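Worksheet for the structure shown next.
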Amino acid sequence: MPVPLQSHFLLIPTYIMLSKQEFRKFAVKGQGLNGLGVDQYMSYVEGIARPYVHGMTRSVIEERPTRFAEIDVFSRLIMDRIVFLGTAVDDNIANIINAQLLFLESADARKDILLYINSPGGSVYAGLGMYDTMQYVGPDVATICTGLAASMGAFLLAGGALGKRSALPHARVMIHQPSGGVQGPSADIEITAREVVKLRQELYSIYAERTGKTYQQIHDDSDRDYWLRADEAKEYGLIDEVLTRTPPRPA
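What follows is the structure, encoded as structure tokens:
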């Protein structure tokens, strides 16, 4: 794992750079994502702190053999194989993060990918797609909770490579049953209800597999919002370690 980013200049050879332009090309041409959606996402993450933290540096300076370059911090993190989920889980975010995972696999199929999570959860379908991609790619995907991993955020946290799931000391993790709403003919309501039950069974089965708990215990605990501190999440089996310092960078 990389050391924390510093404000001083960093010397990085150009041949290991995974630039924003390279990722955009991979996402649009290689994975078929909508170019406008990718551009909107990049603009979003570049300006995510602007309304809240004036004067905070969102960019870092890179010293290259021929020039200095300013890049946004999220692109800089990708160079160190760090993916950051810092929003609710929806289809657009899932597509982007899935593309980032595939992009990093294409760059190095054996080196770990680090997924930092600070998310209140969101779409079950989008989250399951991210979970499947995490299991599909060759590199281990280590997960780290910074702040909050709730609902599908907790599911993705637990879905990291076994032995490589962690949280910071004051992080919070929350699991609960899936929910949804529908209106219309009674037949449509019944169809949706059956689908929600199927999703619940699928999620609980994966939780049981990833935590070592029984299906029934997951079912009972998730009947309402079930909150855990980082140490409790470790005891429960959702994570493997509570981090108190920056872990060493993977080989």
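With the UniProt record's numbering, the residue at position 212 of the sequence shown is 212, and numbering never jumps. The beta carbon of each residue, even a glycine, is placed where N, CA and C say it ideally should be. Values in this document were obtained by computation on a predicted structure and should not be read as measured data.
| Asked | Found |
| --- | --- |
| Residues sharing a beta bridge with Leu174, DSSP | Note that residue 174 corresponds to Met in the displayed sequence, not to Leu. Its beta-bridge partners are Ala150 and Trp227. |
| Distance, Ala171 Cα to Leu101 Cα | 24 Å |
| Alpha carbon of Gly138 to alpha carbon of Ala161, nearest angstrom | 11 Å |
| Cβ neighbours of Gly181 in the same chain (closer than 7 Å, five flanking residues each side left out) | none |
| DSSP-derived helix/strand/coil call for Arg165 | strand |
| Span of the alpha helix (DSSP H), counted from its first residue to its last, around Asn98 | Asp91 to Ala107 |
| Within 8 Å, strictly: CB atoms of Gly129 and Ala88 | no |
| C-alpha distance - residue 253 paired with Tyr215, whole-angstrom precision | A query on residue 253 cannot be resolved here, the shown segment of the chain reaching from 1 to 251 and no further. |
| Of the listed residues Val83, Lys234, Asn118 and Ser186, nearest to Val104 (C-alpha basis) | Sequence check: residue 104 is Leu here, not Val. Of Val83, Lys234, Asn118 and Ser186, the residue nearest in Cα terms is Val83. |
| Cβ contact check for the stretch 183 to 202 and the stretch 152 to 159: 3 or more pairs under 8 Å | no |
| For Val83, the residue or residues it bridges with in DSSP | Leu115 |
| Residues near Pro185 in its chain [Cβ-Cβ closer than 6 Å; skip 5 each side] | none |
| Sequence-distant residues of the same chain with beta carbon closer than 8 Å to Asn34, five excluded per side | Val28 |
| Contact under 8 Å by Cβ, Ile117 with Leu77 | no |
| Cα-Cα separation between Gln183 and Phe26, rounded to whole angstroms | 40 Å |
| Where Ile78 sits in the DSSP three-state scheme | helix |
| Buried versus exposed, by CB contacts within 10 Å (16 or more), Thr133 | buried |
| Buried versus exposed call for Pro169 [16 or more other C-beta atoms within 10 Å across all chains shown] | exposed |
| Distance, Ile239 Cα to residue 286 Cα | Beyond the ends of the chain as shown, which are 1 and 251, falls residue 286; an answer cannot be given. |
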